[in-house]
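Undergrad: Sending over a structure as structure tokens; questions will come in a sec.
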Amino acid sequence: MYINFYKFFLFFLLLISCSQAQKEEIKNEPMTSTTIYDKNNKTTFLNKVGFDYNTFVSQKEKWNNLKIKNYSYSYISQSFLIYDLKFDVSNDEVVKVTKNNPNSFNKEVTINSLFNEIERTYLNNNSVYYDKTKDFFPTKIEINYDKNYYFPNYLKYTYYVPEFIVLDGNFDWKISSFTPKK
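The opening position of the sequence shown corresponds to residue 647 in the working numbering, with each subsequent residue numbered one higher.
Below is the structure:
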């Protein structure tokens, strides 16, 4: 059952990447979502993802300056897919994954790959035209950062979901028990 949901989710991510009609220059936007409709088509609009990109870039730079390559942490998501995993990372590569919940999907994630995933999601979906009758896309990205190590310790994606898709449009995860190692 979870595999079918996973395939369904991947299908719509593919749909998103294939249906982008036009991209414009990306600018740093405040944390608000804007809808600008195309004058010729009332269902097509320019998506402005609500996201504090400047803070994100600053936090990513601070994390990178720490040069932490060996660590462990727990990664939990209970949105569309269930993840409850513990990662051991050595030299910025996942060397061990422990499932805290037997129903968890496998995923190998480093802090750097999380930063890259968030940035890619923002850059690939901000200032892009979408059709609200068929596209599935992020409208807002909310992040809380660790005060000591600057990585995202909580993330929530809010997606626009057309009526024919049975999803609530919220995907979130959190990181806990972060422990640097030598």
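Ideal Cβ positions, reconstructed from N, Cα and C, are used throughout, including at glycine.
#1: With DSSP run on the structure shown, which of helix, strand or coil describes residue 805?
#2: From residue 806 to residue 778, what does the alpha carbon distance come to, in whole angstroms?
#3: Which same chain residues, not among the five before or five after residue 741, have their C-beta less than 6 Å away from its C-beta?
#4: For residue 824, which of helix, strand or coil comes out of DSSP?
#5: Quick check on this structure: which residue in 694, 820 and 763 has the alpha carbon closest to the alpha carbon of residue 706?
#6: Check each candidate in 792, 803, 783 and 711 and name the one with the smallest Cα separation from residue 823.
#7: For residue 692, which of 804, 766, 714 and 784 has the nearest alpha-carbon?
#8: To the nearest angstrom, how far is it from the Cα of residue 668 to the Cα of residue 695?
#9: Could you check the C-alpha separation between residue 774 and residue 781 for me, to the nearest Å?
#10: Sort out for me which residues DSSP pairs residue 709 with in a bridge.
#11: Tell me the rounded alpha-carbon separation between residue 697 and residue 797.
#12: Ordered along the chain, which non-local residues of its own chain (more than five positions away) have a Cβ less than 6 Å from that of residue 747?
#13: Considering only their Cβ atoms, is the gap separating residue 721 from residue 826 smaller than 8 Å?
#14: Report the partner residues of residue 720 according to the DSSP bridge assignment.
#15: Which first and last residues belong to the beta strand (DSSP E) in which residue 765 is found?
#16: My output table needs one value for residue 810: the three-state DSSP class, helix, strand or coil.
TA: In terms of the structure at hand:
#1: Here residue 805 refers to the residue found at position 159 when the sequence shown is read from its first residue. DSSP places residue 805 in strand when its eight states are reduced to three.
#2: Locating residue 806 in the sequence shown gives position 160, where the first residue counts as 1. Locating residue 778 in the sequence shown gives position 132, where the first residue counts as 1. So the two alpha carbons sit approximately 8 Å from each other.
#3: For this step, residue 741 is matched to residue 95 along the sequence shown. Cβ within range, chain order: 734.
#4: Walking along the sequence shown from the start, residue 824 turns up at place 178. Note: residue 824 maps to strand in three-state DSSP.
#5: As a working mapping, residue 706 is identified with position 60 in the sequence shown. It is 763.
#6: The residue labelled residue 823 in the question sits at position 177 within the sequence shown. That would be 792, whose Cα lies nearest to the Cα of residue 823.
#7: On the sequence shown, residue 692 is found 46 positions in, with the first residue counted as 1. It is 784.
#8: Against the sequence shown, residue 668 aligns to sequence position 22. Against the sequence shown, residue 695 aligns to sequence position 49. Below a pLDDT of 50, predicted positions are generally treated as unreliable, and residue 668, at 33, falls in that range; the measurement from the model is reported next regardless. Approximately 15 Å between the Cα atoms of the pair.
#9: Sequence index remark: in the sequence shown, residue 774 carries index 128 (1-based). Sequence index remark: in the sequence shown, residue 781 carries index 135 (1-based). Each residue's Cα considered, the two are about 11 Å apart.
#10: Here the question's residue 709 lines up with position 63 in the sequence shown. Note: residue 709 sits in no beta bridge, so no partner.
#11: As a first step, residue 697 must be located in the sequence shown, where it is residue number 51. As a first step, residue 797 must be located in the sequence shown, where it is residue number 151. If you take the alpha carbons of residue 697 and residue 797, they lie about 16 Å apart.
#12: The residue given as residue 747 occupies position 101 in the sequence shown. The answer, listed in chain order, is 730.
#13: Taking the sequence shown and counting its residues from 1, the one referred to as residue 826 is at position 180. Taking the sequence shown and counting its residues from 1, the one referred to as residue 721 is at position 75. No, the pair does not count as a contact, with Cβ atoms beyond the cut-off.
#14: Residue numbering aside, residue 720 sits at position 74 when the sequence shown is read from its first letter. 732 and 822, per the DSSP bridge assignment.
#15: Residue numbering aside, residue 765 sits at position 119 when the sequence shown is read from its first letter. Careful: residue 765 lies outside any beta strand (DSSP E), inside the alpha helix (DSSP H) at 757-771.
#16: Numbered from its first residue, the sequence shown carries residue 810 at position 164. If DSSP states are grouped into helix, strand and coil, residue 810 belongs with coil.
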